[in-house]
């Protein structure tokens with residue numbers, strides 16, 4: 002009862018759960034593109050976030066912010082602009098910085114992962130996914146507040 006009440010009353014709670022699902026989709030696509038197909042990391046990230054962006058609009062519209070209007074063109078354009086900046090600029094800058102320049106957190110994460118016994122995860126795998134997780138967290142905060150204010154606001 003309490004969980005159901007929280008789910009229905011707070012868009013932030015729904016946003017977190019939908020965001021986690023969407024993040025799983027994004028990370029899955031990213032890792033398949035890099036490790037199965039050998040794509041460049043930034044290209045793979047751009048493809049994975051593009052697919053995730055479309056899924057995100059639909060889930061945010063219908064589940065998080067519960068908008069059912071028929072005319073969505075302006076709303077979708079605002080969503081794309083905010084999301085595109087978050088995903089293509091914020092996320093790629095953070096991923097690039099934490100893969101190529103600020104490498105110690107990824108190395109620390111690798112050491113921690115190996116210390117707990119998960120030695121099959123390579124340094125590259127852990128570093129890429131650490132950078133992506135950090136970038137995703139920053140982007141999720143950016144998106145929630147701008148979606149709420151400019152995209153799915155009660156006009």
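Numbering (my numbering), first residue to last: 2 to 156.
All residues carry an ideal CB built from backbone N, CA and C; glycine is no exception.
Residue burial classification, residue i (beta-carbon count within 10 angstroms, cutoff 16)
i: residue 61; result: buried
i: residue 150; result: exposed
i: residue 20; result: buried
i: residue 133; result: buried
i: residue 84; result: buried
i: residue 41; result: exposed
i: residue 135; result: buried
i: residue 38; result: exposed
i: residue 146; result: exposed
i: residue 137; result: buried
Whole-angstrom C-beta distance between residue j and residue i, which should lie under 8 Å
i: residue 87; j: residue 143; result: 5 Å
i: residue 30; j: residue 52; result: 6 Å
i: residue 56; j: residue 129; result: Actually they are not in contact, since the Cβ atoms of residue 56 and residue 129 sit about 21 Å apart, beyond 8 Å.
i: residue 12; j: residue 66; result: 6 Å
i: residue 139; j: residue 103; result: With a Cβ gap of about 13 Å, residue 139 and residue 103 do not count as contacting.
i: residue 75; j: residue 15; result: About 23 Å separates the two Cβ atoms, so there is no contact after all.
Which of helix, strand or coil DSSP assigns to residue i
i: residue 158; result: Here the chain has residues from 2 to 156 only, and residue 158 is not among them.
i: residue 120; result: coil
i: residue 93; result: helix
i: residue 67; result: coil
i: residue 101; result: helix
i: residue 39; result: coil
i: residue 73; result: coil
i: residue 153; result: coil
So, does the region 99-106 touch the region 45-63, judging by three or more C-beta pairs under 8 Å? Output reads no: the region 45-63 does not touch the region 99-106.
Original post:
Taking one C-beta from the region 16-34 and one from the region 104-121 each time, how about it: are there three or more such pairs within less than 8 Å?
Top reply: With the cut-off at 8 Å, the region 16-34 and the region 104-121 do not touch.
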